[in-house]
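Engineer: Let me give you the structure first, and then I'll get to my questions.
Numbering (the UniProt record's numbering), first residue to last: 1 to 249.
This is the structure:
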């Protein structure tokens, strides 16, 4: 992805999800397999079936913009993201992510462009997650709602793909290299169909049958990342407030 392509993703999330500086929604799914030959228990996950992991990022048009396929199902979920090529590219600043940019006309502090994920992903300079805990302030609850609206795009994207390509409704029974090729091909075909057919409201109603990964014990996140999250949260309750958001928390 070029910097200009990321900026197009940003415009989509700002327009459709009301989340500025968002360069994609991220999640991972276990893709069920028949036990691959000569692999022992490598692909046997804690949910007691064999799987390979699809880690993906989507835009606001429900298209994949990045996919990482092939982590062993057995791999501890906390290691799937940290061991991925995507994580390494984020850490090493190799994704051509646009430079930080202010989101507010009041507070002109440049904020990073971020991927939005669930609580499994921890928080990094370019990965934003919700606030944890139960005793949350109003501002934090609003932030969590706004982030969940943006993050829902990846859930819908997985749902649309698995509904269209029914191979994901049963264990894939081929050798592992072929299986990973099938998964990658489906993401490409998914994007082709999305661009051909355009937006359909019913697509947003699909629920993916694929199992999410659940990451644990990731670092708490740098002070810089947590400060940026606070500024996003403050923006969402003042300048970037949505009329209905208080009814949703």
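Here a beta-carbon is modelled for each residue, glycine too, at the ideal position from N, C-alpha and C.
1. How about the stretch 27 to 40 and the stretch 122 to 137: do they share at least three Cβ pairs that are nearer than 8 angstroms?
2. For residue 47, count neighbouring Cβ atoms within 10 angstroms of its own Cβ and tell me buried if that reaches 16, exposed if not.
3. Name the two residues that bound the continuous alpha helix (DSSP H) containing residue 223.
4. Given a cut-off of 9 angstroms on the beta-carbon distance, is the pair residue 62 and residue 196 in contact?
5. Please say whether residue 56 and residue 67 have beta carbons closer to each other than 9 angstroms?
6. Quick one: residues in its chain with C-beta nearer than 7 angstroms to the C-beta of residue 107, no 5 flanking neighbours on either side, listed in chain order?
7. Answer with buried or exposed for residue 161, where buried requires no fewer than 16 other C-beta atoms within 10 angstroms of its C-beta.
8. Between the Cα of residue 110 and those of 172, 235 and 86, spot the shortest distance and give me the residue it belongs to.
9. Let me confirm a value: residue 113 is counted as buried when at least 16 other C-beta atoms fall within 10 Å, else exposed. Which label applies?
10. With a 10 Å radius around its C-beta and 16 neighbouring C-beta atoms as the bar for buried, classify residue 224 as buried or exposed.
11. Classify residue 17 as helix, strand or coil using the three-state DSSP reduction.
12. DSSP state of residue 82, grouped into three classes?
13. Return the chain-ordered ranges of every beta strand (DSSP E) run that is complete within the stretch 79 to 141 and spans a minimum of 3 residues.
14. On a CA-only basis, which of 249, 9 and 28 is nearest residue 148? Give me that one, please.
15. For residue 174, count the other beta carbons within 10 Å of its own beta carbon; 16 or more makes it buried, fewer makes it exposed. Which is it?
16. Taking residue 303 and residue 27 to be in contact with their CB atoms under 8 angstroms, please state how far apart those CB atoms are, rounded to whole angstroms.
17. For residue 57, does the three-state DSSP call read helix, strand or coil?
18. Given a cut-off of 9 angstroms on the beta-carbon distance, is the pair residue 3 and residue 97 in contact?
19. Can you give me the start and stop residues for the alpha helix (DSSP H) that residue 169 sits inside?
20. For residue 176, collect the residues of the same chain with a Cβ closer than 6 angstroms to its Cβ; drop the 5 residues on either side in sequence, then sort them by chain order.
21. Using a Cβ-Cβ cut-off of 6 angstroms (strictly less than) and excluding sequence neighbours within five positions of residue 165, which residues of its own chain qualify?
22. Please classify residue 86: is it buried, with 16 or more other beta-carbons within 10 angstroms of its beta-carbon, or exposed?
23. So, with DSSP's three-state summary, where would you put residue 180?
24. Among residues of its own chain, excluding the 5 on either side of residue 179, which ones have a beta-carbon nearer than 7 angstroms to its beta-carbon?
25. For residue 137 and residue 24, I'd like the C-alpha separation in whole angstroms.
Structural biologist: So, from the data block:
1. no
2. exposed
3. 223 to 237
4. no
5. yes
6. 231
7. buried
8. 235
9. buried
10. exposed
11. coil
12. helix
13. 114 to 116
14. 249
15. exposed
16. The chain is shown from 1 up to 249; residue 303 falls before or after that span and cannot be answered.
17. strand
18. yes
19. That residue, residue 169, is in no alpha helix (DSSP H); it is neither H nor E in DSSP.
20. 36
21. 186
22. buried
23. helix
24. 33, 52 and 172
25. 26 angstroms
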